[in-house]
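Taking it in order: structure first as structure tokens, then the write-up.
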Amino acid sequence: MSADRSFSRTARALEFDGICRELSARCKTERGRETCLNLVPTAAQYDAERLRDETIEMADLLSAGELFFPNEVADPAPAVTRIRRGSLPEPDDLKTLLGFLHQAERTAEFLSGAGQTVHRLAELCADFTPLDEMTEFFNATFAGDGSIRPDASALLMDLESRIASLQRKIHERAEQLLARRDLLDKFQDAYVTIRNGRVVLPVKAEYKNTFPGIIHGISASDKTVFMEPQELVKDNNLLQESIAERDEEHYRLLRQAAQMVMDQAQTMEKDYAVIGALDAVCARAAFSAAIGGTPAVFTAGGAVRLLSLRHPLMALRGEKPVPNDLLMREGEKTLVISGPNAGGKTVFLKTAGLCVLLAACGVFPPVARGSEFPFVTKLFALAGDEQSIAEGESTFSAQIAGIRDALAGAGPGTWVMVDEILNGTDPAQAGALATAVLEFLIQKDCRTFVSTHLPALKVAAQENSAMVNAAMGFGPDNRPTFRLAKGHPGVSHPLDVAESVGIPMEIIQNAKAKLSDTQDKYQAALLDLQRKSDEMDKAQTRIAAKEENLLRREEEVAGKLEEAERLKSEIEREKRKRIKEEVAKAREEIFALLAAAQDERSRTEAARKLKERETELVREIHIPDSVPLETLKEGDAVWVVPLDKNAKLIRRAGNRVEVQVGEARMTLSVTDVIGLKQKQEAVPKRPAPIYRGEAETPEISLMGLTGDEALPLLDKFLDSQLLTGTDRVKIIHGRGVLRSKVLDYLKTSPYIKSFAVGAGAEGGDAVTLAELKD
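Residue numbers (the working numbering): -10 to 763.
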């Protein structure tokens, strides 16, 4: 949205300047205040989202206790201009520059700390350059009030110490002179004072020629001369010399400061612009929080869903405005609002319009979470009482001019809002013209919101599917409820409103008598329609409450089921841990038996028993619903005991089973594999693998795996085969990098007695045949 005549009219109609003033009042820089006072909503959705994200990031910082602008930050430009013209910085200039540099330092610290997490604010600060050297010099040289610090330099510290020492010495000697008995009669009074920067004593005029010293002044009465005693002249001279040296050092420091300012003038200008921009964002975040705003969500579709919409300035003043929902489906282009005078129609239109403008400025509109609407590229808003005496325009002619501009600029993404459309002229012709205007705007694919008392518009909204009636409520106590009800037209209730404000009853009765039967029937029909609509709204509210209650109960049940599953998993983990400990203990016992066994048959039998016991224990841990292996088909899930993993069944041949674990394939004994109960849903089948005959030798395929993935699987595979008494295994690894890693592993494996490359028919050097230790 640009700051053209149409926006000026829109801003005036919606009282947008009140928003700008509130934002400006929350700024700490003149640049920030100027930005907020001249705020213009953007016409691009991307820019609006960028501004919104800046506000979100700043709001997060503020809610975390970050005080980004603790003090007022004056614009350094006037001080810089004076210095560039040759002036030395005055204390007020230095005070301004110090305030600016302190805020620049805070900004630099913010960027170095939070800059990684606040991307939008970091982008906003792209032109910011830290002034570390200048800040360090100013902090070390000047106090907060703009004076030069006594410790600004080593020479200055020495001079300040010397001056203080001389001042003490001179005052002590002067006090001693005042106390001398032989001089008491010569002093007019017993005090020490300063004349021309030198310590003097008040001597009676008649003694001026007999008192040794230098006259520096005479009182108005000529009775007292202010004399510097001869005894103090030398030290007073030393003091004046030291003060002169101090002044020279002050001058040098001020010149150095002035040079820094001139050298960094452009950087300071850019940095102040960044600080002002951050200040404006901070104001947006603070204002958004004050009105209870929610970050705007823009949708690609045309539906409007603004929940608990409230007027921002009324919310800010604590007036507790009645919240209303603005809900429009994608095909609903025009909302015709009717109802009683002073019933809230104008406030509702202004509220909706301000919501759109705030969102386009990066301010959170005062709506509830879940609100969303399409981005509005241009907004035309016309007040119902707009007129200009200076330009000779009536309310009607001023509004017609505004409607003309809206018709010319209307299009997709445009919203048009007209309060009391075409009020102030013949109702019949106004109704016809207003209907034609709304139909034209529908053809332009823009969204229109109007308030009216014109019956023709209410009828048109009932007959046109792209138009929707809405009514501001009116209670049984003849008072407006300020609540919007969509789906039916409102009743104006002029006689009831007149009665409520105190118009004499005889006038009310006389007016009622003058109403025609047709008007009575029309009014009665509208009231009946409104009553039925209200009943329907209440029914829908009850249904929505029941649905919400059911949803809440479903969530509670889901939570309990989730907790039950968690407890079940925890129990299974404990059980699994216990039985694994039993397996480990059993392994130790069997290995001891194996070591003690004298013949091959005894060792094989012991290994077989260990395997059977291990399989039984694993079934207890994992497979409460295990099934016989022979009932499974290709692709079904199984459990591989040695690997402690799920796998997929490839095929079974006698007492051997080929399975796939991830990308690896291996051939195992049937005692190493447990059938699992299959899920009800169909398991997608993979293409059938090609085999080279029935595998008599247990084998494992590691093709497609990395070394880190393959070697742990190979280790577990060899361990399981050793326990079953297998003496020879086949390892398929291919000819790439994996082959080298497998061979390196086999060289140091405690399971391997020897290994060799497979024969040509077995796969050549892509396969290794390994002999296991006894």
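Using N, Cα and C, we set each Cβ at its ideal position, and we do this for glycine too.
| Item | Value |
| --- | --- |
| Delimiting residues of the alpha helix (DSSP H) encompassing N226 | Q219 to D252 |
| Residue environment, M216, which counts as buried when at least 16 other CB atoms sit within 10 Å | buried |
| Outcome for Y240 when other beta-carbon atoms lying within 10 angstroms are tallied against a minimum of 16 | exposed |
| 3 or more residues per run - each beta strand (DSSP E) lying fully within the stretch 443 to 512 | 456 to 463 and 469 to 475 |
| Cα-Cα separation between G265 and A37, rounded to whole angstroms | 19 Å |
| Buried/exposed call for M251, threshold 16 Cβ in 10 Å | exposed |
| Boundaries (first-last residue) of the alpha helix (DSSP H) holding M123 | D121 to T130 |
| DSSP-derived helix/strand/coil call for E545 | helix |
| Cβ neighbours of L227 in the same chain (closer than 7 Å, five flanking residues each side left out) | L155 |
| Close-in-space but distant-in-sequence residues of the same chain around A97 (CB under 7 Å, 5 per side omitted) | P119 |
| Collapsed DSSP secondary structure at T323 in the structure displayed | strand |
| Cβ neighbour criterion (16 or more within 10 Å) applied to E670 | Low per-residue confidence applies at E670: pLDDT is 41, beneath 50, and the placement is therefore not dependable, though the value from the model is reported in the following sentence. Exposed, since its Cβ has fewer than 16 Cβ neighbours within 10 Å. |
| Buried or exposed (CB count within 10 angstroms, at least 16 for buried), S(-5) | buried |
| Which of helix, strand or coil DSSP assigns to I264 | helix |
| Supposed contact pair R235 and L145 - C-beta distance, whole angstroms, cut 8 Å | 7 Å |
| Chain-order list of residues whose beta-carbon lies under 8 Å from that of F126 (same chain, five-residue window excluded) | Q245, A246 and M249 |
| Where S558 falls: helix, strand or coil (DSSP) | helix |
| Simplified DSSP assignment, three categories, for V345 | helix |
| C-alpha gap between K674 and L732, whole angstroms | Low local confidence applies: a pLDDT of 37 at K674 is under 50, so the model's placement there is unreliable, and no value is given. |
| 7 Å CB neighbourhood of E43 in its chain, flanking five on each side removed | R109, L110, L113, V270 and G351 |
| Proximity to P687 [Cα-Cα], best of S210, R641 and Q177 | R641 |
| Which listed residue (D754, T737, P631 and R645) has its alpha carbon closest to that of E619 | R645 |
| K193 (DSSP reduced to helix, strand or coil) | strand |
| D661, buried or exposed, once every other Cβ within 10 Å from all chains shown has been counted against 16 | buried |
| Status (buried if at least 16 other CB within 10 Å, exposed otherwise) for S150 | exposed |
| A449 beta carbon less than 8 Å from that of P478 | no |
| Supposed contact pair F337 and L427 - C-beta distance, whole angstroms, cut 8 Å | With a Cβ gap of about 18 Å, L427 and F337 do not count as contacting. |
| Contact under 8 Å by Cβ, A349 with M406 | no |
| Option nearest V69 by Cα separation, candidates D224, F362, A254 and Q649 | A254 |
| Top-ranked residue by Cα proximity to I389, from G413, W404 and P401 | G413 |
| Boundaries of the alpha helix (DSSP H) in which E11 is found, first to last residue | F5 to A14 |
| Minimum length 4: unbroken alpha helix (DSSP H) runs contained in the stretch 688 to 728 | 696 to 712 |
| Opposing strand residues paired with V616 [DSSP bridges] | G664 |
| Bridge partner(s) assigned by DSSP for M317 | V293 |
| Exposure label - A677; buried when at least 16 CB within 10 Å | Low per-residue confidence applies at A677: pLDDT is 31, beneath 50, and the placement is therefore not dependable enough to give any value. |
| Run of the alpha helix (DSSP H) containing A209, from where it starts to where it stops | Premise fails: A209 is in no alpha helix (DSSP H) and is neither H nor E. |
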